[in-house]
Structure formats: C-alpha cells, structure tokens
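*Asks:* Sequence positions in the sequence shown follow the numbering used here and run 1085 to 1180.
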Amino acid sequence: MKIRPLNDRILVKRLEGEEKTAGGIIIPDSAKEKPAEGEIVAVGPGKLNDAGERVAMDVAVGDRVLFSKYGGTEVKLDGEDFLIMREDDILGVVQA
1085 MKIRPLNDRI LVKRLEGEEK TAGGIIIPDS AKEKPAEGEI VAVGPGKLND
1135 AGERVAMDVA VGDRVLFSKY GGTEVKLDGE DFLIMREDDI LGVVQA
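1. Are Pro1089 and Val1139 close, meaning C-beta to C-beta below 8 angstroms?
2. Using only the alpha-carbon positions, how far apart do Asp1147 and Gly1136 sit?
3. Please go through the same chain and pick out, in chain order, the residues whose beta-carbon is closer than 6 angstroms to the beta-carbon of Gly1155, but skip the five residues on each side of it.
4. Give the list of continuous beta strand (DSSP E) stretches no shorter than 3 residues that lie fully inside the segment 1118-1174.
5. Looking at the unbroken beta strand (DSSP E) that takes in Arg1093, where does it start and where does it end?
6. Note down the Cα distance separating Lys1160 from Glu1123, rounded to an integer number of angstroms.
7. Quick check on Leu1045: buried or exposed, where buried means 16 or more other Cβ atoms within 10 Å of its Cβ?
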C-alpha cells in the first residue's frame, strides 16, 4: 500500500532501538524506550503560505531524522508501524 501525505506532513518509519546496553545487558521489550529517530518514507508537497504558494519541504525521502519522543500519530500500514507528523515536529536531520 502506498500513502501520500498531505500538505507539510511526513511519513516516518522508526528505527529500531538498542537491544543491549553498553555493558552487554539485554533490554526486554517492555523496558525499551521508543526511539526518537527514524527514516522518512514519504513527504507531502509542503504547506501553503499566506500568498497561497507552496513552501518547499526541508526534508526528503530517505533522510534520517530526530523527532520528539511523543510527536506524530502512530499508524499501521501493511503490518508495519509508522508515524505521520508535521515537518515542524522534526527536530533535525542526522548527517552521516
């Protein structure tokens, strides 16, 4: 299934959290925090400014981004979990 976000919304797939601590202790699923990092899967066309023109998005498909731990709306598509959030919810782009 394909989804096309509207306006300045972004579809993000969370990256998996750590399975072990630095000391080698395995973290059970119930104790894991939701990661606040993900990869952009789809982006909308951008929001409209006061003049009615589209404002280009600063992020693109494939970017690794950081976002608020509680940001976005969780959705399930084809059995996979994703987040839909606004571009303003993105805190930064991870540069390799």
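Where a beta carbon is used, it is the ideal one built from N, C-alpha and C, also for glycine.
*Replies:* Looking at the atomic coordinates:
1. Reading the sequence shown from its first residue, position 5 is the one you call residue 1089. Reading the sequence shown from its first residue, position 55 is the one you call residue 1139. Not a contact, by the Cβ cut-off of 8 angstroms.
2. Here residue 1147 is taken as the residue at index 63 of the sequence shown, counted from 1. Here residue 1136 is taken as the residue at index 52 of the sequence shown, counted from 1. C-alpha separation (whole angstroms): 27 angstroms.
3. In the sequence shown, the residue the question calls residue 1155 occupies position 71. Met1169 and Asp1173.
4. 1121-1127, 1148-1151, 1157-1161 and 1164-1170
5. Indexing the sequence shown from 1 puts residue 1093 at position 9. Arg1093 to Arg1098 is the extent of the beta strand (DSSP E) around Arg1093.
6. Position 76 of the sequence shown holds residue 1160. Position 39 of the sequence shown holds residue 1123. Going by the C-alpha atoms only, they are around 16 angstroms apart.
7. Nothing about residue 1045 can be read from this structure; the chain reaches only from 1085 to 1180.
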